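The listed protein sequences correspond, in order, to chains A and B. Start counting the first sequence at 0; every next residue gets the next number (numbering that gives the first Met the number 0). Start counting the second sequence at 0; every next residue gets the next number (numbering that gives the first Met the number 0).
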Amino acid sequence: MKITIKLFATFRQDRFKVEDRDVAPGTTVADVLKSLDIDEAEVGTLFVRGRHVEPDRVLEDGEALAVFPLVGGG
Amino acid sequence: MDKIFRIDMTNLTVAIEPVPEAWKGLGGRALTSTIVAAEVPPTCHALGPNNELVFAPGLLSGTAASNAGRFSCGAKSPLTGGIKECSAGGSSSRILARLGIKAVILQGQPKGDGWYSIVVRKDGAEIVPESETLGMGNFAVVDAVAKRHGEDFGVISLGPAGEHLMAISDISVKDPDGRIRSFGRGGLGAVMGSKKVKFIAVDPEGTANLPIADPVKFKEANKAFTKTLNDHPVSGQGLKKYGTAVLVNIINEAGGLPTKNFTTGQCDHHDAISGEQMYDNIVARGGEPTHGCSVGCQIQCSQIYHDEKGEFVTSGFEYETIWALGADALIKDLDIIAEIDREMDDIGVDSIETPVMFAVAMEAGILPWGDGKRLLEMLREDIAKGTPLGRLLGAGTGNLGRAYGLTRIPVVKNQAIPAYDPRAIKGIGVTYATTTMGADHTAGYAIATNVLNVGGKVDPLSNDGQVDLSRNLQIATAAIDSTGLCLFIAFPALDIPLCLTSVVDMLNARYGLALTGDDVVALGKHVLKVEHEFNLAAGLGPETDRLPEFFELEPLAPHQVKWDMNPKELERFWSF
C-alpha cells in the first residue's frame, strides 16, 4: 500500500522532507520510524490525518504520517 | 532592590521611596499587578491622568541566574479595558535591578502639549523636555539615545504609533545588540504616550552585584537550573535553531493554524512561511539563526534575519508574527513578512494585534488578501502618520471589525486572538476566554500539552481536562512572570521537576527565605485573583470570559470542529 512520510525540523537532516513509499499492509508507525533510523525517544509528535497517534498505530493505504521532534515556541 | 522610583508627569517631579513591606516579596508581574490594582481606579480612563505605567524587574533579575533578563510593564489597558501585564527582554531589566530599582512608576499626565524624555539613574531621575526624537521610529530613537548618552544606556521607547495613542501601539526595549524587543500587547504604548513620554533612558553607571543571602547555594541551584534548560530538547536545541517559527508546520499539521481570518485551520503555503524555511534563508544569507535577547539567556530563541543582499532586516522574528501575516493575512513571501516585522518594530505596534487587524481589514475589503506590499504601505503612510484611516486601523481588530459590521472578529476582551485556533485546540480556547489579559496565548500555554507533548498529553479536540490544565498553567505562569525568568523555561519545567525546584532554591538563596513549591503556586494564585478583582471592578464581568460567537457557529477544516465548551465549565475556572 502507498503511504506518505513528512519529516520536520531536525528530522529532515540527512533524510528528506516528503516521500511516498510502498509498504506492506499492517505496517505500523513504529515500523516506519525504525526504517528511517529515528529513535522513538527523540520523537515529539506523530500525526496521521491531523490527529496525534502513537507508534503502535497501524497505517492505512493513502495515509500520510507527519513526524516531529520535540519542539516548542510561543 | 530597595527603591521605588515614582515619576509624576503632572508635576514633573521624581520621588524615590523605600519599598513598602507588602511589596518586598513581589517582583515582575506580581509587583506591577499589585501596584496597578492598589493605585489605579479600575474605572479610570486608560489614557487619562489616573492610569499608571509600572515597570518592574523580576525577583531574580540582575543576578547570575540564567534567563533572568525579563521585566514586566503593567497598567490598565486601553485596548481591553482591564488590567494588563506585558513581559519583555532586552537590557533594561538587568540594569534597573543592578541599580537597586525595584519598580519605576509613571503617574499623572502633563497638562500642556510638550513631550518629555526621562533619564533614570542610580540615585534619581531627570524629566527633560523632548523634541529631537519626536516622530522618530524606534530604531532612530535607539541611535539618538546612544549618541546623546552612550551605547550602554538602556532604552525604553515609543514609536510614532504610541505618540498617536493607538490601541495597537507597544513599548520597545533595546536589547544588548541594539535590536528591539517589545512590551507588545494591549496598547501600553498609548498609556506611555498619554503621559507624553517618548523614551526612558537607563544609565548603567553605578550598577553593582546584588546581595545574595547564600551565594554558594545560589550558584549550585543556578547550575542545576541551567542544566535542565540545556538538557530539554526544546530549550536546549529546537528554539536555538529554528526559533519559535518551528511551530508553523506542527500547528498546521494539527489543523489549528488560523488561516484567512480564522476561516480554516490549515494554510496551503505553510512550507514557505515555516521555521525550516526561515532557517534555510538565514543560513544562506549569512544571518544568525541563534540569538539571545538579554544577558544570561541560554535558550537563544531569537535570530538575525537578512535579505537576499545579505543585509539585516529583522530579529526576534516570531511564530506569532509569521503566522498572522503569512497564514491569517495570506502573505506568501517570507521576505516581505520580515520587512513588515521590522516596520512594526520601528513604528511600535503589536505584531499580533496589527496583522490580525489587517486580516480583518482584508475581509472588510480595505486591501487585497495577501497583499504584503499594500500592508507595508498602510503601516508607513497611514498608521505611522496618523491619518484617519491609520487611526481606524490603529484602534485594533475589534474596533475595525465593528466599524465594518463583521461577525468574524477574532478577539477576547477586545484583544486579538493569537496563532492557535481554539476550535481545534480546546485548551488554548480556555486560556483565551478566562485569562485576565484578554486573548493571550502565553498566559496559560495549553499548546504545550494539547499539541506538543510537553508536560503530558491532553487531546486538543476534546473538552475534557482543559479547564484544569489551563488553570494550572495560568497559575504557574503568573508565578514565573514574577521572577524575571523567561517563560520558555516552562518547557523544561513541564518535563523536568528539577527545573522549578531549582528556581525555588534560587529564590531562597537570593533572599534568605524558605519558600516551597506550594508558596510559589500560592503567589501565582494570588496574582491572578488580584487581577481578576480589578477586571470585575473595571466592568469586565463573567460574560467577557468567552470566545466570539462565530467559533460556535462555523466549523473549522480539516477537523470540522466548532467551539462547544459548556459555559458552566468555563465558569468553574475561577473556583480556586
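Glycine residues also receive a C-beta, built at the ideal position from the N, C-alpha and C atoms. This structure is a prediction, so every number in the text was calculated from the model and none was measured.
Asked                                                                                                                                                                                     : Found
Between the alpha carbons of B/Met277 and B/Ala337, how many angstroms are there, rounded?                                                                                                : 10 Å
With H, G and I counted as helix, E and B as strand and the rest as coil, what does DSSP make of B/Ile179?                                                                                : strand
Exposed or buried, which one is B/Asn624 when buried takes at least 16 other CB atoms within 10 Å?                                                                                        : Only positions 0 to 575 of chain B appear in this structure, which leaves residue 624 of chain B out of reach.
So that I know if they touch, is there some Cβ in chain B lying closer than 9 Å to that of A/Glu41?                                                                                       : yes
Write down every uninterrupted run of the alpha helix (DSSP H) in the segment 487-516 of chain B whose length is 4 residues or greater and which is fully enclosed by it, in chain order. : 489-494 and 496-510
Hey, B/Asp340 and B/Lys259: beta-carbon distance below 9 Å or not?                                                                                                                        : no
With DSSP as the reference, identify every bridge partner of B/Tyr304, one or two as the case may be.                                                                                     : B/Thr313
Less than 9 Å separating the beta-carbons of B/Ala578 and B/Val39?                                                                                                                        : Nothing can be reported for residue 578 of chain B, as the shown portion of chain B is limited to 0 through 575.
Please state if the CB of B/Val411 and the CB of B/Gly395 are separated by a distance shorter than 9 Å.                                                                                   : no
So which residues of chain B does A/Gly61 contact, with C-beta pairs closer than 7 Å?                                                                                                     : Those do not exist, as A/Gly61 stays about 15 Å from chain B at its closest Cβ, beyond 7 Å.
Nearest chain A C-beta to B/Ala207 closer than 9 Å, yes or no?                                                                                                                            : no
For a contact defined as C-beta to C-beta under 7 Å, what are the partners of B/Val245 on chain A?                                                                                        : Ala8, Val70 and Gly72
Which residue wins for smallest C-alpha separation from A/Leu58, given the options A/Arg14, A/Leu69, A/Ala29 and A/Val42?                                                                 : A/Ala29
Is it buried or exposed, B/Gln106, if we count other Cβ atoms within 10 angstroms and call 16 or more buried?                                                                             : buried
Which residues bound the alpha helix (DSSP H) around B/Gln265?                                                                                                                            : Element bounds for B/Gln265: n/a, residue is neither H nor E.
Going by DSSP, what residues sit across from B/Ile15 in a beta bridge?                                                                                                                    : B/Phe4
Please compile the residues from chain B whose C-beta is within a distance smaller than 8 Å of the C-beta of A/Arg56.                                                                     : Correct list: empty, because the minimum Cβ distance to chain B is about 14 Å.
Any idea what DSSP makes of A/Pro68, helix, strand or coil?                                                                                                                               : strand
Nearest CA to the CA of B/Gly113: which residue from B/Ser193, B/Gly516 and B/Asn449?                                                                                                     : B/Ser193
Do B/Glu576 and B/Ile298 have their CB atoms nearer than 9 Å?                                                                                                                             : This structure leaves residue 576 of chain B out entirely; chain B is present only between 0 and 575.
Hey, does A/Phe15 have any beta-carbon neighbour from chain B nearer than 9 Å?                                                                                                            : no
Interface residues of chain B around A/Ala65 at Cβ under 7 Å?                                                                                                                             : Glu252
Per the DSSP calculation, A/Arg20 is bridged to which residue(s)?                                                                                                                         : A/Ile2
Between A/Thr3 and chain B, is any beta-carbon pair separated by less than 9 Å?                                                                                                           : no
Cβ atoms of B/Asp174 and B/Cys72: under 9 Å apart, would you say?                                                                                                                         : no
Output the boundary residues of the beta strand (DSSP E) element that contains B/Thr441.                                                                                                  : Taken as a continuous stretch (DSSP letters only), B/Thr441 belongs to no beta strand (DSSP E), as it is neither H nor E.
For B/Met578 and B/Val429, which I take to be in contact (beta-carbon distance under 8 Å), what is that distance rounded to the nearest angstrom?                                         : Here chain B has residues from 0 to 575 only, and residue 578 of chain B is not among them.
Could you tell me the alpha carbon to alpha carbon distance between B/Trp573 and B/Leu522, rounded to whole angstroms?                                                                    : 16 Å
Name the DSSP bridge partner or partners of B/Gly73?                                                                                                                                      : B/Val53 and B/Glu84
Counting only beta-carbon separations shorter than 9 Å, does B/Lys226 have a partner in chain A?                                                                                          : no
How is B/Tyr115 classed by DSSP in three states: helix, strand or coil?                                                                                                                   : strand
To which residues does DSSP link B/Ile104 through a beta bridge?                                                                                                                          : B/Arg5 and B/Val53
Figure out for me which residue from B/Arg509, B/Thr543, B/Ser156 and B/Tyr241 has the closest Cα to the Cα of B/Pro566.                                                                  : B/Thr543
Excluding the 5 residues flanking B/Tyr403 on each side, which residues of the same chain have their C-beta closer than 6 Å to its C-beta?                                                : Ala363
Between B/Ala477 and chain A, is the shortest Cβ-Cβ distance under 9 Å, so that the two count as touching?                                                                                : no
Specify the secondary structure class of B/Arg284 as computed by DSSP and reduced to three states.                                                                                        : coil
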